[in-house]
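Undergrad: Pasting a structure here, questions to come.
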Amino acid sequence: MPAASQSPRPRQAPSSIQGEGEGKSPFTKHARYFRDALVRVQYRNASAKTFPDDSFLTRFYKNVIGENGGEMNRADMICTRLFEDPSLLRNVDPKDALRKGKGEGRFN
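Written as structure tokens, this is what we have:
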């Protein structure tokens with residue numbers, strides 16, 4: 008038994024979650040999708056009729072636990088109304104909203 012002054016060794020996640028081994032885990036392979044899904048689950052813009060959507064995060068979790076959650080495509084999360092009418096964006100000047108040019112794509 009460790010002495011009271013010693014803290015127990017922190018538990019490590021299984022190698023399948025850390026991305027070690029032959030295949031990468033869904034956390035490693037789809038980190039950007041996961042990050043974008045976390046943002047999308049919180050994003051609301053009533054003027055653009057865009058409301059929080061947890062379906063992308065649910066899809067990610069289903070894939071992680073081995074259920075067939077479907078394809079994880081980041082482009083599906085795009086709020087098209089904001090691209091069609093950049094004046095609906097909050098806190099961003101519409102002329103600066105869409106960066107167009109070589110290497111400046113948002114969903115590479």
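In our numbering, the protein residues as written are 8 to 115.
Every residue gets a Cβ at the ideal spot worked out from N, C-alpha and C, and that includes glycine.
Applying the criterion that 16 or more other CB atoms from any shown protein chain within 10 Å of the CB defines a buried residue, is L89 buried or exposed?
TA: The residue labelled residue 89 in the question sits at position 82 within the sequence shown. It is buried - the Cβ of L89 has at least 16 other Cβ atoms within 10 Å.
Undergrad: Report back the beta-carbon spacing between F58 and M84 to the nearest angstrom; my notes put them in contact at under 8 Å.
TA: The residue labelled residue 58 in the question sits at position 51 within the sequence shown. The residue labelled residue 84 in the question sits at position 77 within the sequence shown. Rounded to whole angstroms, the Cβ separation of F58 and M84 is 13 Å, and the two are not in contact under 8 Å.
Undergrad: Pick helix, strand or coil for N70, following the three-state DSSP scheme.
TA: Within the sequence shown, numbered from 1, the residue matching residue 70 stands at position 63. Helix, per DSSP.
Undergrad: Since V95 and A55 are thought to touch, with beta carbons under 8 Å apart, how far apart are those beta carbons, to the nearest angstrom?
TA: Taking the first residue of the sequence shown as 1, we reach residue 95 at position 88. Taking the first residue of the sequence shown as 1, we reach residue 55 at position 48. Before going further, note that residue 95 is Leu rather than Val in the sequence given. The pair is a contact, with the Cβ atoms about 4 Å apart (cut-off 8 Å).
Undergrad: Along the chain, where does the alpha helix (DSSP H) that runs through V46 open and close?
TA: For the purposes of this step, residue 46 is taken as residue 39 along the sequence shown, with counting starting at 1. Boundaries of the alpha helix (DSSP H) around V46: 38-47.
Undergrad: Is F67 closer than 8 Å to Y40 when the C-beta atoms are compared?
TA: One-based indexing of the sequence shown puts residue 40 at position 33. One-based indexing of the sequence shown puts residue 67 at position 60. Between Y40 and F67, the C-beta gap is smaller than 8 Å, which places the two residues in contact.
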